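*Asks:* Counting in the working numbering, the sequence shown runs from 241 upward without gaps. We treat Cβ as the ideally placed atom computed from N, Cα and C, and that holds for glycine. Nothing here was measured: the structure is a model prediction, and the numbers come from that model.
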Amino acid sequence: MMSLQQLLPQLNQQQSTLNPTQTGASPGSQNNMGFDMLMSMFGGLGAGGMGVPNVLDVAPEQLYATQLSQLQEMGFFDVQENIRVLCATSGNGHAAVERFLGKLWSMMVMMWHSFCFS
């Protein structure tokens, strides 16, 4: 894969050789060519490129099936809440568990506070 530093001189060279008066070329097409080259380099930034599935085409239950089963094995049985947290963490199981534990800790602190100060 080409690095950004290698790509920039190529973009400048291609833009300088493009003559806007050539047939089919317009002032906007120079920018589009550079943009197209960057998009191909980065594979659309997760929009189906570079082996990343397009999230709109896959149901979260399928996309995060492995993480869902791992969360259930750890005792997190609320499937809808698991999906919500996995979507919020982009499928990062560790971050999902941290969110659950943070939420659990907050609930425990609130219960303790209401018990001690009521």
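Would you check if the distance between the CB atom of LEU326 and the CB atom of VAL319 is smaller than 8 Å?
*Replies:* no
*Asks:* Taking ASN322 as part of the alpha helix (DSSP H), name the residues at either end of that continuous run.
*Replies:* 319-328
*Asks:* Sorted by chain position, which residues of the same chain lie with C-beta nearer than 6 Å to LEU311's C-beta, five sequence neighbours on each side aside?
*Replies:* ASN322
*Asks:* Under a three-way DSSP split, which group does LEU344 fall into?
*Replies:* helix
*Asks:* Taking only three categories from DSSP, how would you classify SER358?
*Replies:* coil
*Asks:* Between GLN302 and MET348, what straight-line distance do the alpha-carbon atoms span, to the nearest angstrom?
*Replies:* Their backbone Cα atoms lie some 33 Å apart in a straight line.
*Asks:* ALA299: which of TRP352, VAL337, ARG339 and GLY331 sits nearest, CA to CA?
*Replies:* When each option's Cα is compared against that of ALA299, the closest is GLY331.
*Asks:* Using 8 Å as the threshold, is the C-beta distance between ASN337 and MET314 below it?
*Replies:* With the sequence shown as reference, residue 337 is identified as Val, and Asn is not the correct amino acid for it. When the beta-carbon positions are compared, VAL337 and MET314 come within less than 8 Å of each other.
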